[in-house]
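Numbering (the working numbering), first residue to last: 237 to 727.
This report refers to the structure that appears directly beneath it.
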Amino acid sequence: MERLALPIMAVLMVGCSTPSIPRLAQDCFEASGRNFSEVLNCYKQAEAANPLSYTDRGSMPFPGGEVRHFILNSQRWSPDDQVVPEQWKHDVRVYIPDNALHETALLVANNGTNNPLPGSEPQPPTDLPADVAQSIATQTRTIVISVSDLPNQALTFHDSGASLREDSLVAQSWARFLKAPERQPFTSVHVPMMEALVKSMDLAERELRPWQIRHFIATGASKRAWTSWLATLNDERITGLIPFALDFLDMEEVIDHTYRVYGQSWPVAYGDYQREGITQQFHTANFKKLEAIHDPARYKDSAYAHRLSMRKYIVSASGDDFFPPDSLNLTFAPPGPTALRMIPNTGHGGIRAFVAQSLVPVVRQWQENLEIPTISARLQRGAGKDRYVLNFSRRPDKLLYWQAWNPDARDFRYACGIRYQASAIRLPKGLSVEVPIQVPGSGWSAGFFEATYPGGLISTSRVEIVPGSYPERRPPEHGAACSTIVDPTSR
Numbered sequence: 237m238e239r240l241a242l243p244i245m246a247v248l249m250v251g252c253s254t255p256s257i258p259r260l261a262q263d264c265f266e267a268s269g270r271n272f273s274e275v276l277n278c279y280k281q282a283e284a285a286n287p288l289s290y291t292d293r294g295s296m297p298f299p300g301g302e303v304r305h306f307i308l309n310s311q312r313w314s315p316d317d318q319v320v321p322e323q324w325k326h327d328v329r330v331y332i333p334d335n336a337l338h339e340t341a342l343l344v345a346n347n348g349t350n351n352p353l354p355g356s357e358p359q360p361p362t363d364l365p366a367d368v369a370q371s372i373a374t375q376t377r378t379i380v381i382s383v384s385d386l387p388n389q390a391l392t393f394h395d396s397g398a399s400l401r402e403d404s405l406v407a408q409s410w411a412r413f414l415k416a417p418e419r420q421p422f423t424s425v426h427v428p429m430m431e432a433l434v435k436s437m438d439l440a441e442r443e444l445r446p447w448q449i450r451h452f453i454a455t456g457a458s459k460r461a462w463t464s465w466l467a468t469l470n471d472e473r474i475t476g477l478i479p480f481a482l483d484f485l486d487m488e489e490v491i492d493h494t495y496r497v498y499g500q501s502w503p504v505a506y507g508d509y510q511r512e513g514i515t516q517q518f519h520t521a522n523f524k525k526l527e528a529i530h531d532p533a534r535y536k537d538s539a540y541a542h543r544l545s546m547r548k549y550i551v552s553a554s555g556d557d558f559f560p561p562d563s564l565n566l567t568f569a570p571p572g573p574t575a576l577r578m579i580p581n582t583g584h585g586g587i588r589a590f591v592a593q594s595l596v597p598v599v600r601q602w603q604e605n606l607e608i609p610t611i612s613a614r615l616q617r618g619a620g621k622d623r624y625v626l627n628f629s630r631r632p633d634k635l636l637y638w639q640a641w642n643p644d645a646r647d648f649r650y651a652c653g654i655r656y657q658a659s660a661i662r663l664p665k666g667l668s669v670e671v672p673i674q675v676p677g678s679g680w681s682a683g684f685f686e687a688t689y690p691g692g693l694i695s696t697s698r699v700e701i702v703p704g705s706y707p708e709r710r711p712p713e714h715g716a717a718c719s720t721i722v723d724p725t726s727r
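Written out as structure tokens, the structure is:
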């Protein structure tokens, strides 16, 4: 399939007035036959008609380099003229180490609050703070571009008066999309979030000409990891992807799996999506249209399928608040070089503490055009003789087996007090080994293997849950963060 190319410049030259960006994007979508896999491309093409707009705020030295500061005006976004502020602005910091490598930079989708609620102050990014960005830049000799305020927040919706941020903002934007997907295909806040990364790459190419930057490794955590995925699918300049805390590579499968894991309920982290009625629409025709925009698995039969083969290093939390730890074991396996790292004993937000130690060795490898080693583990069960067969693409320096046990539920959230214990495994002489394991006779067990390589590089196997059966009831609650919620009406 070929991606749609709307002749935008021809449109601009017809008549005396310039069509609005929303009109250009909608025209492109209509010309695609209302193909929702073209939504991001149509929005990106329409926004390309806008000149790049930013302000240079100067530079400051830091030990081992300098940081340049820009304020980027990425776009105007207000579906149905209901959202304020309409203008999206981003604090963009470019960390340039001494003796920086040319051609490839690290593009970070960062958080932050630039439109604080009354009585509050703007908040700097916490996903990748300045000191961490500086450290990554100097350790890897890589220019780091931190794009903060993704999304711009809080945003206020006129018709509801609600000022929303993070998941409440995403959930509200999805709810509005689901009411009229064909009329408002660009209503999900992930769409302008993606465009902000596109504009940031434009800025970087212009301002970093001495380093000839034209390729980017995209990274981010949670919804900003999602944004990095979407930008990767739609911009050829991205040549590597490192998403944190986003095990949503096949939305429909992960949603159904999650519902069954928690005894036909949702983890409390889904609260904003339940309050907006999203969880009750997961299997509707309109939600499938939203999946066609957001779900990487849905692009495998699109004009963007080749982008799924991009080199990837997927970092997940063993005790994630949103995603069961075996979510990546489901139907869709992304093509191309794909290595995994499962972080033991951390939740969704706690993964921030592992960003630098995960990024540095991977960026170093990719800057040298080296592949990340991988490890696979296949469980073989027998009468009292359970074992894993491990295969490595490269022999590791160290090998651990991490295992957790829940006697009551198939629930491995860190917030529920579940902790993994590590066992050292004797290294194989070659690239494969059999490892006998003990599986508890009751409850559920989760386990994965962690291989460490020179330079602190870590790859892990996927998490295996034993037994594979689902519980018949909701898991016990242990505090607000370790609870589940049920839809008002049954599915």
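We treat Cβ as the ideally placed atom computed from N, Cα and C, and that holds for glycine.
Being a predicted model, the structure only gives us computed values, none of them experimental.
In the DSSP annotation of this structure, the continuous segment of the alpha helix (DSSP H) that includes V497 starts and ends at 487-497. Under DSSP, D327 forms a beta bridge with I307. Collapsing the DSSP output to three states places F523 in a helix. Distance from the CA of F558 to the CA of A454, rounded to the nearest whole angstrom, comes to 22 Å.
Classified as exposed, D317 has fewer than 16 neighbouring CB atoms from the shown chains inside 10 Å of its CB.
Look at the segment 583-611 and you find these whole runs of alpha helix (DSSP H), each 4 residues long or longer: 591-603. Assignment of Q639 by DSSP, reduced to helix, strand and coil, places it in the strand class. With respect to the 9 Å criterion, D633 and Y689 are classified as neighbours on the basis of their beta carbons. Relative to F628, the option among I449, S612, V675 whose CA is nearest is S612. Rounded to whole angstroms, the separation of the alpha carbons of E488 and F306 is 39 Å. Beta-bridge pairing by DSSP links V344 to S382, T455. In the three-state scheme derived from DSSP, where H, G and I count as helix and E and B as strand, F484 is classed as coil.
By the Cβ criterion, the segment 672-680 is in contact with the segment 635-645, since at least three pairs of Cβ atoms, one from each stretch, lie closer than 8 Å.
When rounded, the separation of the alpha-carbon atoms in I478 and T463 is 11 Å. Scanning L414, N346, A411 for the CA closest to the CA of Q389 turns up N346.
Secondary structure within the segment 531-580: the beta strand (DSSP E) runs of 3 or more consecutive residues, fully enclosed, are 547-553, 574-579 (chain order).
Inter-segment contact for the segment 519-534 and the segment 257-276 is present: three or more beta-carbon pairs are separated by less than 8 Å. The alpha-carbon separation between A366 and A592 amounts to approximately 12 Å. Selection R445, K415, V406, E418 evaluated against M429 yields V406 as nearest (Cα-Cα). No residue range can be given for P711, since it is assigned to no alpha helix (DSSP H) and is classified by DSSP as neither H nor E.
Only exposed fits G666, as fewer than 16 other CB atoms lie within 10 angstroms of its CB. Taking 9 Å as the cut-off, the beta carbon of G476 is found no closer than this to the beta carbon of D363.
A distance below 7 Å between beta-carbons, with the five flanking residues on each side excluded, links N335 to the following residues of its chain, in chain order: R377.
In the DSSP annotation of this structure, the continuous segment of the alpha helix (DSSP H) that includes L276 starts and ends at 275-283. Around the beta-carbon of M437, 16 or more other beta-carbon atoms lie within 10 Å, marking it buried. Here DSSP, grouped into helix, strand and coil, assigns A613 to strand. Counting every other CB atom within 10 Å of its CB across the protein chains shown gives R329 a total of 16 or more, marking it as buried. Between W324 and A432, the CB-CB gap stays under 9 Å.
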